[in-house]
Structures are given as structure tokens and as C-alpha cells.
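*Asks:* Below is one structure. I have some questions about it.
Now the structure itself:
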């Protein structure tokens, strides 16, 4: 069974974080660890009732490279993946503003295994906005399940809105 690391980058968005933690806990696939990377100067604290082997909370608002406050999401993700161990199999980005059904991880792993590639992305994902939940043609990075070693090798771009393209483009080309 593949070991999946879920990464949530958040800036002290407590209400959204409670929701995404609940989505993790409701997963049918059990071999996961959720890294919550809070990049706010105000630290968060996990509820003591959460399983300690399932959640890693990192409170850090200073780039490990520049030793300055973060200026882009790529820096944050590059620091977050330092908490993913070398024996991890898969990374999935569980953004705190997205919706994850209980079979999210299970279906992602099935897709990876079916395709035999380094990454898997379903053709459609659920998206929530002011109008409610909508099934959209998929361009959403949280739906991508990707080989952990690949993400760690390529890392993230420092260019805003293109942060995932640094590891994603080599998979497409």
C-alpha cells in the first residue's frame, strides 16, 4: 500500500483548515500523513484528539533558503516538502479551500496504478465558489497525485501562479 503525503499550505485559515482536516479523517484510504504548513506569524495548534501519527503541523513564516518572510507560494511548498520523508510514495496537495470526497485518496491511488505513470489527475474535479459546488473540467492541482521523489527532485517555481509547473512540466513533455 502506497504511503501518501497530503500537503496543505495555509496562512492561519482556521475555519478552512478544520474542514480539510475533517476531509482527511474521512478518507477511505488509510495510509496517509497530512502535513499542514502554516506560513503565518501566528502559530496554529492541532486538537489533542487528532491522531498524532496522521498529522504534522509546521508553523513557519520564514523561508529556509532566504531567511526572510515568504514572498511566493513556491517558496512555501519547497519548504513544506522538506518534511516529506524519502520513503514517501505519493504527494497530493490538499488545498484548504477545496473539497475532498472520502474516496479522494483511494481513487487517486487507483488512477496512478491504472496509468502506470508518475502522476495521475482525474478529468473532472469538484470546485466550490460563491455559487456552490460545481463539477469542472480539471485544471486543479489538488486533484493531482504525483510521485513524491519526482516532486522533491524538481521542486516548485518561485513565479506566482506557476509554482506547480516546475514539477508538472517535465511530466507532460
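Numbering (the numbering used here), first residue to last: 106 to 278. By construction, the Cβ of each residue, glycine as well, lies at the ideal position given by its N, Cα and C atoms.
If I'm right that residue 201 touches residue 121 with Cβ under 8 angstroms, what's the distance once you round it to whole angstroms?
*Replies:* To locate residue 201, count along the chain shown from 1; it is residue 96. To locate residue 121, count along the chain shown from 1; it is residue 16. Between residue 121 and residue 201 the Cβ distance is about 4 angstroms, and since that is below 8 angstroms, they are a contact.
*Asks:* Please list the segments of the alpha helix (DSSP H) lying wholly inside the region 111 to 164, counting only runs of 4 or more residues, in order along the chain.
*Replies:* Listed in chain order, the complete alpha helix (DSSP H) runs (minimum 4 residues) inside the region 111 to 164 are 119 to 130.
*Asks:* Under the assumption that residue 197 contacts residue 261 (Cβ atoms under 8 angstroms), give the Cβ distance between them as a whole number of angstroms.
*Replies:* Mapped onto the chain shown, residue 197 falls at position 92. Mapped onto the chain shown, residue 261 falls at position 156. Residue 197 to residue 261, Cβ: 15 angstroms. No contact.
*Asks:* What are the partner residues of residue 256, as DSSP defines its beta bridges?
*Replies:* For the purposes of this step, residue 256 is taken as residue 151 along the chain shown, with counting starting at 1. In the DSSP output, where bridge partners are listed per residue, residue 256 has none listed.
*Asks:* Quick check: what's the CA-CA separation for residue 164 versus residue 189?
*Replies:* Locating residue 164 in the chain shown gives position 59, where the first residue counts as 1. Locating residue 189 in the chain shown gives position 84, where the first residue counts as 1. Rounded to whole angstroms, residue 164 to residue 189 spans 15 angstroms at the Cα level.
*Asks:* Thinking C-alpha only, which one of 132, 275, 127, 111 is nearest residue 139?
*Replies:* As a first step, residue 139 is located in the chain shown; it is residue number 34 there, counting from the start. Closest by alpha carbon: 111.
*Asks:* Just to check my reading of the structure: residue 229 and residue 242 have Cβ atoms closer than 8 angstroms, yes? What is that Cβ distance to the nearest angstrom?
*Replies:* Counting from 1 along the chain shown, the entry for residue 229 is found at position 124. Counting from 1 along the chain shown, the entry for residue 242 is found at position 137. That belief holds up - the Cβ atoms of residue 229 and residue 242 are roughly 6 angstroms apart, short of 8 angstroms.
*Asks:* If we count Cβ pairs, one from each stretch, closer than 8 angstroms, do we get three or more for the region 123 to 140 versus the region 167 to 181?
*Replies:* Flag = no, the region 123 to 140 and the region 167 to 181 do not touch.
*Asks:* Could you give the residue range of the beta strand (DSSP E) that holds residue 221?
*Replies:* The residue labelled residue 221 in the question sits at position 116 within the chain shown. It is not in any beta strand (DSSP E) - residue 221 carries neither H nor E in the DSSP assignment.
*Asks:* Which residue from 235, 212, 238, 253 puts its Cα closest to that of residue 223?
*Replies:* The residue you call residue 223 lines up with position 118 of the chain shown. Here the closest residue by C-alpha is 253.
*Asks:* Based on Cα-Cα distance, which residue from 184, 109, 159 lies nearest to residue 126?
*Replies:* Position 21 of the chain shown, counted from the start, is the residue given in the question as residue 126. Here the closest residue by C-alpha is 159.
*Asks:* Is it right to say residue 288 is buried, meaning 16 or more other beta carbons lie within 10 angstroms of its own, or is it exposed?
*Replies:* Only positions 106 to 278 of the chain appear in this structure, which leaves residue 288 out of reach.
*Asks:* Between the Cα of residue 215 and those of 266, 180, 227, spot the shortest distance and give me the residue it belongs to.
*Replies:* Residue numbering aside, residue 215 sits at position 110 when the chain shown is read from its first letter. The option with the nearest alpha carbon to residue 215 is 227.
*Asks:* If you compare alpha carbons, which of 275, 257, 178 is closest to residue 266?
*Replies:* Counting from 1 along the chain shown, the entry for residue 266 is found at position 161. When each option's Cα is compared against that of residue 266, the closest is 178.
*Asks:* Check whether the Cβ atoms of residue 240 and residue 231 sit closer than 8 angstroms, and answer yes or no.
*Replies:* For the purposes of this step, residue 240 is identified with residue 135 of the chain shown, where counting begins at 1. For the purposes of this step, residue 231 is identified with residue 126 of the chain shown, where counting begins at 1. Taking 8 angstroms as the Cβ cut-off, residue 240 and residue 231 qualify as a contacting pair.
*Asks:* Three-state secondary structure (DSSP) at residue 229?
*Replies:* For the purposes of this step, residue 229 is identified with residue 124 of the chain shown, where counting begins at 1. The answer is strand: DSSP assigns residue 229 an E or B state.
*Asks:* Would you give the residue range spanned by the beta strand (DSSP E) that residue 240 belongs to?
*Replies:* Position 135 of the chain shown, counting from 1, holds the residue named residue 240. That run of the beta strand (DSSP E) goes 237 to 242.
*Asks:* Bridge partners for residue 174 per DSSP, in chain order?
*Replies:* Translated into positions along the chain shown, residue 174 becomes position 69. DSSP lists 167 as partners of residue 174.
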